[in-house]
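To start, the structure itself, in structure tokens.
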Amino acid sequence: MLSCKELVAHSSDYLDGQLSLRERLGVRAHLAMCRHCRRFIRQMKVTQGVLRKLPDAAIPELDVLAERLAEQRNQSRQD
Amino acid sequence: MSGNDVELLTRLLAGEQQAFRELVATYQGAMRAVAYAIVGSRNADEVVQDAWLAVVRNLEGFQQRSSLKTWLLTITANTAKTRLKHNRREVLLDDLPGPHGSVGGERFAADGHWQTPPNAWHEDSPEALLSEEELRQCLEKTLASLSEMQASVLLLRERQGLELEEICNLLELSLSNVRVLLHRARLKVFATLEHFEETGQC
Ligand SMILES: [Zn+2]
Chain X
1 MLSCKELVAH
11 SSDYLDGQLS
21 LRERLGVRAH
31 LAMCRHCRRF
41 IRQMKVTQGV
51 LRKLPDAAIP
61 ELDVLAERLA
71 EQRNQSRQD
Chain Z
1 MSGNDVELLT
11 RLLAGEQQAF
21 RELVATYQGA
31 MRAVAYAIVG
41 SRNADEVVQD
51 AWLAVVRNLE
61 GFQQRSSLKT
71 WLLTITANTA
81 KTRLKHNRRE
91 VLLDDLPGPH
101 GSVGGERFAA
111 DGHWQTPPNA
121 WHEDSPEALL
131 SEEELRQCLE
141 KTLASLSEMQ
151 ASVLLLRERQ
161 GLELEEICNL
171 LELSLSNVRV
181 LLHRARLKVF
191 ATLEHFEETG
201 QC
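Line by line, the protein sequences are chains X and Z.
All residue numbers for the first sequence refer to the UniProt record's numbering, where the first residue is 1 and numbers rise by one.
All residue numbers for the second sequence refer to the UniProt record's numbering, where the first residue is 1 and numbers rise by one.
Written out as structure tokens, the structure reads:
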């Protein structure tokens with residue numbers, strides 16, 4: 001059976017669906033028995049959620065850039 | 001291409017400024033992450049600017065076989081690679097220490113079982129965690145401490161939702177490298193959250 005350390009090493013691949021069926025079943029079997037690793041995987045998922053929901057950095061001069069790009073597009077249409 | 005892409009493309013081709021605003025607001029973050037991985041932080045902004053100009057120049061010729069996003073990121077990667085053509089920079093795959101460490105060997109006993117298992121967190125929804133201003137700043141520090149490749153792979157996967165294969169192609173990395181980079185980066189972010197939940201501090 002997988003050790004906790006091995007489970008942690010496989011955790012990203014598990015979350016990304018990168019494990020073979022056999023490996024995935026091994027992870028599931030471990031998780032069914034080990035509450036520490038269940039908590040770890042749950043917290044890894046929270047970590048992913050946090051990254052997804054981090055507010056975006058504002059784009060400096062968004063309007064200036066958009067105006068410039070639109071102008072260029074309009075120029076090339078007239079050529 | 002999705003219906004949204006088709007609609008946006010029509011407006012872009014018509015030169016509508018608001019459409020360009022939407023395009024930049026939606027995709028510049030992902031473009032920056034790609035540029036950052038290939039040319040580093042110092043030149044990333046310049047590459048993104050150049051990529052936008054290339055996008056406008058090539059708008060007419062955009063083959064609608066791929067999504068707008070894939071097309072934009074490919075142009076960005078190509079712009080970045082052209083810039084590097086003659087002085088290929090060392091790609092940093094190194095594992096720099098995160099400010100709050102990672103989940104390393106010291107967490108496990110000799111038999112591979114947890115020695116210091118994860119504790120319950122006070123908050124376990126992303127929204128509740130992110131409501132703490134201090135934690136948001138702390139995460140920014142952690143992200144800034146990642147190597148350029150680690151940061152980019154993490155952002156492209158978690159924030160931009162790219163498939164691992166897409167990341168490999170854009171950044172010219174092997175799948176195993178992408179998997180390792182992603183895992184190490186996630187563990188560092190995990191360690192920051194864990195530290196914050198345990199101490200209430202960054
Ligand atoms: Zn375990």
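No residue lacks a Cβ here, since even glycine has one placed at the ideal position from N, Cα and C.
Here the structure is a predicted model, which means the values were calculated and not measured.
Exercise for review: Could you tell me whether any Cβ in chain X is nearer than 9 angstroms to the Cβ of R42 of chain Z?
Suggested key: Against chain X, the CB of R42 of chain Z has no partner CB under 9 angstroms away; the residue lies outside that interface.
Review point. In its own chain, which residues sit with a C-beta less than 8 angstroms from the C-beta of G105 of chain Z, not counting the 5 before and 5 after it?
Key: none
Check your understanding: Is the Cβ of E23 of chain X closer than 9 angstroms to any Cβ of chain Z?
Key -> no
Point to revise | Neighbourhood of T79 of chain Z by C-beta, 7 angstroms cutoff - its chain only, sequence neighbours within 5 removed | key: Hits under 7 angstroms: V47, D50, A51 and A54.
Point to revise | Where the alpha helix (DSSP H) containing N78 of chain Z begins and where it ends | key: L68 to L84
Check your understanding: In terms of residue numbering, what span does the alpha helix (DSSP H) encompassing A151 of chain Z cover?
Key -> E148 to L154
Check your understanding: Taking 8 angstroms as the cut-off, is the CB of H195 of chain Z close to at least one heavy atom of ligand 1?
Key -> no
Check your understanding: What is the DSSP secondary structure of F62 of chain Z, counted as helix, strand or coil?
Key -> Judged by DSSP in its simplified three-state form, F62 of chain Z adopts coil rather than helix or strand.
Exercise for review: Return yes when at least one heavy atom of ligand 1 lies under 8 angstroms from the C-beta of L19 of chain X, else no.
Suggested key: no
Review point. L31 of chain X CB to nearest chain Z CB: under 9 angstroms?
Key: no
Practice item. Could you tell me which of Z:F62, Z:H183, Z:H113 and Z:A19 sits nearest to L31 of chain X, measuring between CA atoms? Key: Z:H113
Exercise for review: Using a Cβ-Cβ cut-off of less than 8 angstroms, list which residues of the region 43 to 67 of chain X approach chain Z; keep chain order.
Suggested key: Q43, M44, V46, T47, Q48, G49, V50, L51, R52, K53, L54, P55, D56, A57, I59, L62, D63, L65, A66 and E67
Review point. For W121 of chain Z, which three-state DSSP category applies?
Key: coil
Practice item. For V56 of chain Z, collect the residues of the same chain with a Cβ closer than 6 angstroms to its Cβ; drop the 5 residues on either side in sequence, then sort them by chain order. Key: none
Practice item. Give every residue of the same chain whose Cβ lies closer than 7 angstroms to the Cβ of L12 of chain Z, excluding the five residues on either side of it in the sequence, and list them in chain order. Key: A19, F20, L23 and L59
Check your understanding: So is T82 of chain Z buried or exposed if we call it buried at 16+ other beta carbons inside 10 Å?
Key -> exposed
Exercise for review: Determine the chain X residues that contact V39 of chain Z at a beta-carbon separation under 9 angstroms, and present them in chain order.
Suggested key: None at all; the shortest Cβ gap to chain X is about 19 angstroms.
Practice item. Could you tell me the distance, in whole angstroms, from the CA atom of V189 of chain Z to the CA atom of T47 of chain X? Key: 7 angstroms
Review point. Name the DSSP beta bridge partners of F190 of chain Z, please?
Key: F190 of chain Z pairs with nothing; no bridge assigned.
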